[in-house]
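All remarks here apply to the structure that follows.
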Amino acid sequence: MAVISRGFGARRRESDPRLPPGQYLTEDFPVLSAGPTPRIELDEWRFDIRTEAGALVSWTWDEFLSLPIEDVHTDIHCVTRWSKLGTSWRGVSLDTLLEYVESDASYAMAHSYGGYTTNIPLDEVRDGRAWVAFEFEGEPLDPEHGGPARLLIPHLYFWKSAKWVRGLTLMDDDEPGFWEQNGYNMHGDPWTEERYW
1 MAVISRGFGA RRRESDPRLP PGQYLTEDFP VLSAGPTPRI ELDEWRFDIR
51 TEAGALVSWT WDEFLSLPIE DVHTDIHCVT RWSKLGTSWR GVSLDTLLEY
101 VESDASYAMA HSYGGYTTNI PLDEVRDGRA WVAFEFEGEP LDPEHGGPAR
151 LLIPHLYFWK SAKWVRGLTL MDDDEPGFWE QNGYNMHGDP WTEERYW
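When you number the sequence shown by the UniProt record's numbering, it's gap-free, plus one each residue, and the end is 197.
Given below as structure tokens:
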């Protein structure tokens, strides 16, 4: 008699065409982090964009919430192979935030409270493809899921959607962030399974 641990069968690829190769469907929202959960007071929260020339634009929490807010309905995919379909978020588009800076940069490094970083080609966050999200399913984003605000770049693996985001540094050249320095792919497209180097 074969011994199979509970839940083993759930990890097979479902037939849903919204699932990228190698992914399984989950109804949960698993919590995966590279370190402890930081606790950020809203009156201390800032989001900064620093250009490749050193110019800095910064928003407080209240200033950030005064920007145009969008509702986002999307699927998300983790490099650890889970996918969650039909999620609902609210946030500010990176298109809106990038309007405030003059830059010819091609890349950005996202920085999080707690020290996490991840690199992002700017072409991947323009044209309505990325947000700084502060609500999930109609509620303020829980700290364990990146609250008060996280990046949301749903067409890439979810490690690119940096939790506890505090800003972007714009760059001319691509550089690896935390997971990319530790063997993860520089790009992270789930549809072509760009998991690792």
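In this text, a Cβ means the ideal position worked out from N, Cα and C, and glycines have one as well.
query                                                                                                                                                                                       : result
Out of curiosity, what's the CA-to-CA distance linking S66 and T60?                                                                                                                         : 10 Å
For H187, which residues from the same chain have a beta carbon less than 6 Å from its beta carbon, with the 5 sequence-adjacent residues on both sides left out?                           : E194
Evaluate the contact criterion for the region 42-53 versus the region 164-179: three or more CB pairs, one atom per stretch, below 8 Å.                                                     : yes
Are the beta-carbon atoms of N119 and E27 separated by less than 8 Å?                                                                                                                       : no
Which whole-angstrom value describes the C-beta separation of T87 and G177, a residue pair presumed to lie in contact below a C-beta threshold of 8 Å?                                      : Not confirmed; about 23 Å, so no contact.
Please go through the UniProt domain "Oxidoreductase molybdopterin-binding" (35-179) and give each complete beta strand (DSSP E) segment of 3 or more residues, from N-terminal end onward. : 46-50, 56-60, 70-77, 82-93, 107-112, 117-121, 131-136, 150-152 and 165-171
Ignore the nearest five residues each way along the sequence and tell me which others in W159's own chain have a CB closer than 8 Å to its CB.                                              : C78, V79, T118, W179, Y184 and G188
Cutting at 6 Å between CB atoms, please list the residues of its own chain near L85, excluding the five before and the five after it.                                                       : R18 and D75
So who's on the other strand from L25, going by DSSP bridges?                                                                                                                               : S83
For my contact list, G114 and W164 are in at a C-beta cut-off of 8 Å; report their separation, rounded to the angstrom.                                                                     : 6 Å
So, at 7 Å on beta carbons, what are the nonlocal neighbours of G146 in its own chain, with the 5 sequence-adjacent residues on each side left out?                                         : K163 and W164
Excluding the 5 residues flanking T37 on each side, which residues of the same chain have their C-beta closer than 7 Å to its C-beta?                                                       : P143 and E144
Assuming the contact rule is C-beta atoms closer than 8 Å, E70 and W131 should be a hit. Round their C-beta distance to whole Å, please.                                                    : 7 Å
Here's the rule I'm using: 16 or more other beta-carbon atoms within 10 Å means buried, otherwise exposed. How should P154 be labelled?                                                     : buried
Return the chain-ordered list of same chain residues with a C-beta closer than 8 Å to the C-beta of G16, the five sequence neighbours on each side being excluded.                          : Just to set this straight, residue 16 is Asp in the shown sequence, not Gly. The answer, listed in chain order, is L25 and L85.
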